[in-house]
Amino acid sequence: MPPRETIQRTAIREAFCKADRPLSPREVHDIASKRVPRLGIATIYRVLRELIEEEYLTAVELPGEPPRYERAGKKHHHHFRCRRCGGVFEVHGCPGDLRSLTPRGFRLEGHELLLVGLCGKCNG
Ligand SMILES: [Zn+2]
Ligand SMILES: [Zn+2]
């Protein structure tokens, strides 16, 4: 039986729609608990697991930190991590074909690219 659409689930889904960037469980909690007071972090983790199983969310694995989550099914894209606030944002551009960087005799199958620096708020 699919999970009931509780106010907790609704608030968590809305957090992802509103933020439109990868969120850590803590960030989800900060956003969603504004709508649903007394929302516990354990509930956040449980609902995140459900939404991943339902393929509503997918994990974003960045080096050196626990996974964040974003809406599943997005087109190929990259991320920008702010070194001051720790926020991760979506980047829509892509340098494209990186075969020119690939060592001789290697076969390139994909790439991961993380931009780092200061976000607009922290740079302001
Ligand atoms: Zn920032
Ligand atoms: Zn790319």
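Numbered continuously in the numbering used here, the sequence shown closes out at residue 151.
Even glycine gets a Cβ: it sits at the ideal position worked out from N, Cα and C.
DSSP three-state assignment for residue i, whether helix, strand or coil
i      : result
His106 : strand
Leu167 : Only positions 28 to 151 of the chain appear in the structure, and residue 167 is not among them; the question remains open.
Glu77  : helix
Tyr72  : helix
Phe43  : helix
Sequence-distant residues of the same chain with beta carbon closer than 6 Å to residue i, five excluded per side
i      : result
Leu140 : His105
Pro122 : none
CB contact flag (residue i, residue j, <8 Å)
i      : j      : result
Val87  : Glu97  : yes
Ala59  : Ala46  : no
Arg108 : Val118 : no
Arg110 : Leu135 : no
Pro52  : Ile68  : yes
Local Cβ density within 10 Å of residue i, reported as buried at 16 or more and exposed below that
i     : result
Ile39 : buried
Pro49 : buried
Cβ shell of residue i (< 8 Å), same chain only, five flanking positions each side left out
i     : result
Val55 : Ile39, Ala42, Phe43, Ile71, Leu75, Tyr96
Leu84 : Phe43, Leu75, Leu78, Tyr96, Glu97, Arg98, Ala99
Distance, residue j Cα to residue i Cα
i      : j      : result
His138 : His103 : 10 Å
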